[in-house]
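Peer 1: Before I ask anything, let me first share the structure, which is written out below as structure tokens.
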Amino acid sequence: MKFPRSNKPLAGQLDAAPFAGVFLLLLIFVALSRNLVFTPGLPIRLPEAVDLAGTPNATVAVAVDAGGQIYFDSQVVSEDTLRQKLGAEVGRSRAPLTLVVLADKEVKNEILVRLGLLARDVGIKDALLATRPKLSARDPLAP
Numbered sequence: 008m009k010f011p012r013s014n015k016p017l018a019g020q021l022d023a024a025p026f027a028g029v030f031l032l033l034l035i036f037v038a039l040s041r042n043l044v045f046t047p048g049l050p051i052r053l054p055e056a057v058d059l060a061g062t063p064n065a066t067v068a069v070a071v072d073a074g075g076q077i078y079f080d081s082q083v084v085s086e087d088t089l090r091q092k093l094g095a096e097v098g099r100s101r102a103p104l105t106l107v108v109l110a111d112k113e114v115k116n117e118i119l120v121r122l123g124l125l126a127r128d129v130g131i132k133d134a135l136l137a138t139r140p141k142l143s144a145r146d147p148l149a150p
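For what it's worth, our numbering labels the leading residue of the sequence shown as 8, then goes sequentially.
See below:
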């Protein structure tokens, strides 16, 4: 004997209130999680530049903060230690390397010159200063 089915799931209209509530909760969570998540790194304000060429070579990155402290592989290093580590990187690499210096815009030129000379001493031929793309004031969709 077959009983008639009176309960039909999804037979009526969907209510928008639960969806709106979930959406607002997700929005609040995403907005607050930005402040709650620890982002490792150091604050470096890169100088702005427009349309600079990059490099096709493999790169090794060195960061310098506003106080002149040098960082390599997320560790504070001295110039002597950096010389050893860069020399090891050159020895491991088959292709020529390019040193990319992520220097704060307040760093003195003397430190940048010393890093370039240090890279040349260990066998790195090219060095680039990392920059932040300059924001364009014109409309990108305009012809």
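We put the CB at the ideal spot given by N, CA and C, even for glycine. All of these numbers come straight from a predicted model, not from anything done at the bench.
1) Please confirm whether Lys-115 and Gly-75 have their CB atoms less than 8 Å apart.
2) Is the separation between the beta-carbon of Val-71 and that of Leu-104 shorter than 8 Å?
3) By the three-class DSSP mapping on this structure, what secondary structure does Ala-153 have?
4) Determine the direct distance from the alpha carbon of Ala-56 to that of Pro-140, and round the result to whole angstroms.
5) In whole angstroms, what is the alpha-carbon distance linking Ala-38 and Ala-24?
6) Got a sec? Which residues, its chain only, sit under 7 Å from Ile-118 by beta carbon, not counting five neighbours each side?
7) Which same chain residues end up closer than 7 Å to Asn-152 when comparing Cβ atoms and leaving out the 5 residues on each side of it in sequence?
8) With DSSP as the reference, please indicate the residues paired to Ala-184 in a beta bridge.
9) Where does the unbroken alpha helix (DSSP H) through Asp-128 begin, and where does it stop?
Peer 2: Let me spell this out:
1) Contact: yes.
2) Not closer than 8 Å, so no.
3) There is no way to answer for residue 153, as the model of the chain reaches only from 8 to 150.
4) Approximately 6 Å, taken between the alpha carbons.
5) Rounded to whole angstroms, Ala-38 and Ala-24 show a C-alpha spacing of 21 Å.
6) Excluding the 5 residues flanking it on each side, Ile-118 has same chain C-beta neighbours closer than 7 Å at Val-71, Gly-75, in chain order.
7) Residue 152 is absent from the structure shown; the chain starts at 8 and stops at 150.
8) In the structure as shown, the chain starts at 8 and stops at 150, and residue 184 therefore has no counterpart that could be examined.
9) Counting along the chain, the alpha helix (DSSP H) containing Asp-128 begins and ends at 116 to 129.
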